[in-house]
Every structure is written in C-alpha cells, then in structure tokens.
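In my numbering, the protein residues as written are 14 to 272.
We put the beta carbon where it would ideally sit given N, CA and C, even for glycine.
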Ligand code: CAA
C-alpha cells in the first residue's frame with residue numbers, strides 16, 4: 014500500500030482490509046486528498062485476491078463530519094463542476110467486494126453519505142447520523158437525498174435533510190440505515206468479524222450478490238429479477254458452484270477457489 018496522509022490502512026485479520034479515516038482534529042472531514050486516498054486504498058484491496066471484504070471506519074468520536082467545508086467555502090459553481098468532487102467519491106461505487114461501514118460518533122453530511130455508499134453499516138451505540146448541509150446553505154451532494162430516502166423513507170428523510178434532525182443509533186437501526194447497533198467497545202471488532210465471515214464465503218457469489226442487491230436501488234422489480242436471474246445462471250459457470258453443491262451432497266465443508 015502507498016504512504017497515505019489522511020487514512021490508515023491495515024489487514025487486521027486475513028481476508029479483511031481495514032481503512033481508517035484519520036483526520037481526528039477535523040472530525041475526519043472528507044477533503045479531496047482523503048477521498049482520493051480512500052478510493053485508492055479500497056481499489057487496491059478490491060484487486061487483491063487475498064482480501065474478501067473491506068471495512069471503512071473513523072474513530073470512536075466520529076466516523077466523519079462530512080465534506081471539508083473549508084475546502085469548498087470559496088468555490089464557485091463552476092469550480093465545483095470542474096473539481097468533479099462528487100464524481101471522485103462515486104468511484105467507490107465501482108468496488109466489487111463488500112464494503113462495511115463501522116460507525117461511531119458523528120456521522121454527518123458527506124460522512125453519512127460515505128457510510129451509505131457502503132453495503133452494510135454497523136453502528137456503535139454512540140453513533141449520531143445527520144445531513145446538516147441545510148445549516149451551511151446547501152443540500153447533500155453525494156447521494157444523501159437519494160440513499161437516505163430509500164433507506165429510511167420520505168418523511169424521516171425530509172426531517173433529517175430539511176431540518177437537521179439527527180438520528181440516534183437505535184433510530185438508524187429501526188429505520189433500516191444500520192444493520193446492527195453494538196456497544197462502542199465492540200463496533201469495530203463486530204464489523205471486522207462480519208467482514209471475515211463474508212470473506213470466507215464463495216467470493217464470486219458474494220460479488221454477484223452485492224451487485225444484484227445494489228441493482229434493487231436502480232431497477233424496477235421485473236428488470237431487477239431479470240438481472241438477478243442472469244447472475245444466478247452465470248454462477249453455474251464457476252468452479253465454486255460445482256464445489257459448493259458437491260460439498261453439500263458429500264456433507265463436508267466447501268473449499269472455495271474464487272473462480
Ligand atoms: N469540514 C471542515 N472542517 C471541519 C468540519 C468539516 N465538515 N467539521 C469539523 N471541522 C473542523 C472545525 O472547523 C474545527 O477546526 P479548527 O480546530 O481549525 O477550528 C475542528 O474540525 C473541530 O470542530 P469543532 O470545533 O466544530 O468541534 P465541535 O465539537 O464543536 O463540533 C461537529 C463537532 C458537530 C462535528 C461540528 O464540527 C460540525 O457540525 N461540523 C460540520 C458538519 C457539517 O455541516 N457537515 C456537512 C458538510 S457539507 C457536505 O458533507 C456536503 C456533501 O453532501 C458532500
């Protein structure tokens with residue numbers, strides 16, 4: 014891995030890539046450099062056959078306070094267009110392996126949008142989710158109005174985005190934004206364990222499952238089911254499908270090859 018300034022990258026256990034946002038003095042504000050490094054590190058893990066799932070986290074006090082306001086403050090609309098800021102963030106969408114957000118403390122603005130770009134979200138009891146862009150005269154720009162609405166429904170998303178309502182971890186769980194809430198001492202370990210469990214599964218099937226679920230955001234039911242069916246049939250071209258079904262019949266553990 015490269016030398017990064019704004020993130021820390023490690024492999025805490027085999028199969029799992031861990032990326033920590035590391036600008037604690039600025040609540041992990043997502044300046045351009047941080048996002049470029051994050052996308053680079055995630056892409057490297059994505060290309061590494063030894064890695065099966067990726068965890069993105071901040072620290073106990075903050076996942077992230079969002080896009081770097083100071084970096085954007087004096088930009089014109091044309092500057093923003095030319096910066097391709099959001100396009101740069103969207104490169105995370107190309108990551109094929111599962112991304113798990115391990116969230117504690119502030120998860121605000123672009124921080125919440127980053128967490129929602131991940132495929133699963135594990136929250137500590139202290140996590141607080143919000144889209145406070147309205148306070149600085151803008152709206153979410155990296156998917157907040159779209160993904161939050163799909164995750165929690167229109168009425169709650171309106172309150173969060175139009176009136177800076179913050180969601181507690183339990184509210185986020187009930188609304189479907191997070192998949193679990195755990196004590197603050199456990200949130201990162203829990204995310205790493207989940208990543209390790211997924212990393213031990215049939216790799217091609219995991220990637221196809223991620224792709225199919227994410228299509229549910231974009232396609233209608235009939236098109237989505239066509240897409241799912243195509244991937245399901247495609248998996249019969251893999252050695253892992255033959256191995257998985259043979260192992261079932263032979264009552265033994267499957268040995269996955271990722272092909
Ligand atoms: N961008 C740049 N700097 C930030 C920042 C951000 N998003 N959030 C915090 N910081 C900086 C502060 O400016 C401060 O810097 P200095 O020490 O140089 O003064 C430092 O981090 C510490 O912050 P505070 O003094 O404000 O700490 P606090 O404990 O009083 O408050 C906080 C913490 C609640 C997270 C508060 O800092 C805050 O509300 N931050 C902004 C949240 C926000 O509005 N996010 C949306 C950003 S826009 C966006 O994300 C657009 C998009 O959709 C892509």
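Rank the options by C-alpha distance to the C-alpha of residue i and give the top, closest one.
i: residue 145; options: 239, 224, 241 and 180; result: 180
i: residue 279; options: 131, 137 and 133; result: Beyond the ends of the chain as shown, which are 14 and 272, falls residue 279; an answer cannot be given.
i: residue 100; options: 155, 60 and 150; result: 155
i: residue 183; options: 177, 209, 192 and 176; result: 192
i: residue 44; options: 86, 238 and 167; result: 86
i: residue 131; options: 88, 40, 258 and 52; result: 52
i: residue 230; options: 121, 266 and 162; result: 162
i: residue 60; options: 47, 28, 84 and 78; result: 28
i: residue 197; options: 221, 55 and 73; result: 73
i: residue 38; options: 135, 81 and 226; result: 81
i: residue 219; options: 24, 103, 272 and 98; result: 272
i: residue 176; options: 149, 24 and 259; result: 149
i: residue 143; options: 19, 261, 228 and 75; result: 75
i: residue 187; options: 174, 206 and 166; result: 166
i: residue 250; options: 217, 195 and 79; result: 217
i: residue 22; options: 54, 194 and 83; result: 54
i: residue 84; options: 111, 228 and 42; result: 42
i: residue 111; options: 262, 211, 264 and 194; result: 211
i: residue 26; options: 268, 237, 206 and 227; result: 206
i: residue 141; options: 158, 228 and 122; result: 122
i: residue 157; options: 237, 103 and 96; result: 103
i: residue 228; options: 79, 160 and 88; result: 160
Identify, in the order they occur along the chain, each residue of the same chain with its Cβ nearer than 7 Å to the Cβ of residue i, setting aside the five sequence neighbours on each side.
i: residue 232; result: 240
i: residue 254; result: 248
i: residue 47; result: 19, 20, 34 and 36
Skipping 5 residues on each side, what residues in its chain have a beta carbon closer than 6 Å to that of residue i?
i: residue 152; result: 146
i: residue 164; result: 189 and 190
i: residue 64; result: 30 and 58
i: residue 208; result: 29, 66, 68 and 113
i: residue 17; result: 50
i: residue 115; result: 68, 70, 135, 200, 201 and 204
i: residue 244; result: 221 and 225
i: residue 214; result: none
Give the DSSP bridge partners of residue i, in chain order.
i: residue 133; result: 113
i: residue 32; result: 22 and 69
i: residue 143; result: 121
i: residue 251; result: In the DSSP output, where bridge partners are listed per residue, residue 251 has none listed.
i: residue 180; result: 142
i: residue 194; result: 136
i: residue 155; result: Paired residues: none, contrary to the question.
i: residue 43; result: 80
i: residue 75; result: 119
Tell me which residues share the same chain as residue i and place their Cβ nearer than 8 Å to its Cβ, disregarding the 5 neighbours each side in the sequence.
i: residue 270; result: 252, 253 and 256
Legend entry - Stretch-stretch touch, CB-based, cutoff 8 Å, three pairs: the region 113–127 with the region 84–95: no
Inset, instruction - Determine, using beta-carbon pairs with one atom in the region 197–207 and one in the region 66–86, whether at least three such pairs fall under 8 Å. - result: yes
Inset, instruction - Specify whether the region 102–117 and the region 164–179 touch according to this definition: at least 3 beta carbon pairs, one from each stretch, less than 8 Å apart. - result: no
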